[in-house]
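Read in the numbering used here, the sequence shown has 435 at position 275, and its numbers run on one by one without any break. Before any comments, here is the structure.
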Amino acid sequence: MERMMAATGAWSPLVAAIVLNYELPEVTAQCVESLLASDYDNLQVTIVDNGSQDGSAEILHERFPQVAILASDRNLLFAGGMNLGLRHALALGADYALVMNNDTLVARDMVSRLVETAEMLPQAGIVAPAIYRTDGRLWAAGSRRRRLWPFPREVDAVDSPRQPFPVDYVTGCGMLIRCGVLKVIGLFDERYAMYYEDADFCARAAAAGYTIWVEPSAQMVHRVSESARRQAPQSAYAHTRYRIRFYRQHHQPLWWVGLPLIAFQEGFRIGKDWLAGRRGLAHARLRGLKDGFHQDLP
161 MERMMAATGA
171 WSPLVAAIVL
181 NYELPEVTAQ
191 CVESLLASDY
201 DNLQVTIVDN
211 GSQDGSAEIL
221 HERFPQVAIL
231 ASDRNLLFAG
241 GMNLGLRHAL
251 ALGADYALVM
261 NNDTLVARDM
271 VSRLVETAEM
281 LPQAGIVAPA
291 IYRTDGRLWA
301 AGSRRRRLWP
311 FPREVDAVDS
321 PRQPFPVDYV
331 TGCGMLIRCG
341 VLKVIGLFDE
351 RYAMYYEDAD
361 FCARAAAAGY
371 TIWVEPSAQM
381 VHRVSESARR
391 QAPQSAYAHT
401 RYRIRFYRQH
411 HQPLWWVGLP
421 LIAFQEGFRI
431 GKDWLAGRRG
441 LAHARLRGLK
451 DGFHQDLP
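What follows is the structure, given as structure tokens:
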């Protein structure tokens with residue numbers, strides 16, 4: 161583990177930040193610029209170019225010669241692309257890996273606050289920031305499982321801006337992972353490919369005895385994903401399929417309550433898309449519904 165002596169005389173853990181790009185070099189560049197402006201003194205930024213065909217890797221390398229760029233020859237989707245970056249983080253000997261969407265901007269002190277909380281809570285495997293929309297509304301601050309209901313409850317308000325709180329799930333849009341966790345439970349499960357890979361990772365970390373926290377004083381802004389918008393049918397298919405897989409895999413014995421409800425919800429969406437003339441979306445959701453129920457589980 162490579163640590164650096166900070167100006168205060170304390171040792172700073174090495175954080176490897178991983179930003180995934182797919183044919184959105186300007187969006188990615190803005191995210192990277194916000195990271196490079198961080199006040200954290202031992203941060204290494206890596207861009208994973210996920211099979212872009214628009215020259216993204218070259219554009220980003222020219223703009224950020226000090227940043228490592230890992231270029232895949234094909235689109236590995238979210239889980240596969242992030243795993244490429246996580247392997248690089250482990251090879252660096254990083255103490256923490258910061259997984260981020262490229263359509264985000266970080267506060268100057270976000271990384272520092274996440275690391276401070278993780279170091280204060282040695283059993284914490286994952287610490288996430290409070291994530292806000294561009295208009296200042298809270299977008300994500302984790303979610304918690306319910307005792308007698310299969311669907312988690314989103315944290316919809318931050319009660320204390322300086323008090324970290326435990327949750328069951330956080331989004332892969334922004335999460336700081338203790339690298340020791342990766343050595344115990346492995347990387348993201350690439351069978352999820354898109355959606356719910358973050359929830360699956362959190363569930364596996366919790367099963368291994370780690371805790372998951374949100375540090376509300378660490379803040380990030382999330383701009384609505386442009387890449388997801390451009391692939392609406394693919395996104396609809398993946399969200400439906402992997403949502404069902406996740407509940408089948410991790411919500412025993414309440415799956416028999418949750419899955420009929422999910423099937424009803426998705427059936428309603430299919431009907432709504434069909435009546436609105438969005439036949440491509442309707443077909444995509446229907447295929448996701450079928451594949452989610454029939455996909456083999458580990």
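Using N, Cα and C, we set each Cβ at its ideal position, and we do this for glycine too.
Quiz prompt | Top-ranked residue by Cα proximity to residue 290, from 325, 284 and 263 | solution = 325
Quiz item: Leaving out the 5 sequence neighbours to the left and right, which residues in its chain are closer than 6 Å to residue 398 when beta-carbon positions are compared?
Solution: 354 and 355
Quiz item: Can the beta-carbon of residue 259 be found less than 7 Å from the beta-carbon of residue 274?
Solution: no
Practice problem: Look at the Cβ atom of residue 361, then the Cβ atom of residue 243, and state whether they are nearer than 7 Å. | Solution: no
Quiz item: Where residue 192 and residue 200 are concerned, what is the direct C-alpha to C-alpha distance, given to the nearest angstrom?
Solution: 14 Å
Quiz item: With C-beta atoms as the reference, is residue 371 less than 7 Å away from residue 284?
Solution: Between residue 371 and residue 284, the CB-CB gap stays under 7 Å.
Quiz item: Cα separation between residue 456 and residue 250?
Solution: Distance from the CA of residue 456 to the CA of residue 250, rounded to the nearest whole angstrom, comes to 30 Å.
Quiz item: So, helix, strand or coil for residue 311, using DSSP?
Solution: Residue state, collapsed to three classes: coil.
Practice problem: Tell me the start and end of each unbroken beta strand (DSSP E) in the segment 204-291 that is at least 3 residues and wholly inside, in chain order. | Solution: 228-232, 256-260 and 264-266
Practice problem: Return the bridge partner residues of residue 176 from the DSSP annotation. | Solution: In the DSSP output, where bridge partners are listed per residue, residue 176 has 204 and 257.
Quiz item: Going straight from the alpha carbon of residue 323 to that of residue 421, what length do you get?
Solution: 35 Å
Quiz item: Does the pairing of the segment 295-304 with the segment 218-232 give three or more beta-carbon distances under 8 Å?
Solution: no
Exercise. Quick one: grab the DSSP three-state call for residue 375.
Key: strand
Self-check item: Euclidean distance between Cα positions of residue 396 and residue 419
Solution: Between the alpha carbons of residue 396 and residue 419 lies a gap of roughly 17 Å.
Self-check item: 8 Å CB neighbourhood of residue 281 in its chain, flanking five on each side removed
Solution: 287, 324, 371 and 373
Quiz item: Anyone know if the C-beta pair for residue 204 and residue 176 falls short of 7 Å?
Solution: yes
Practice problem: Can you tell me the Cβ-Cβ gap for residue 206 and residue 241, rounded? I've got them flagged as a contact below 8 Å. | Solution: Their Cβ separation, rounded to whole angstroms, is 11 Å, which puts residue 206 and residue 241 out of contact at 8 Å.
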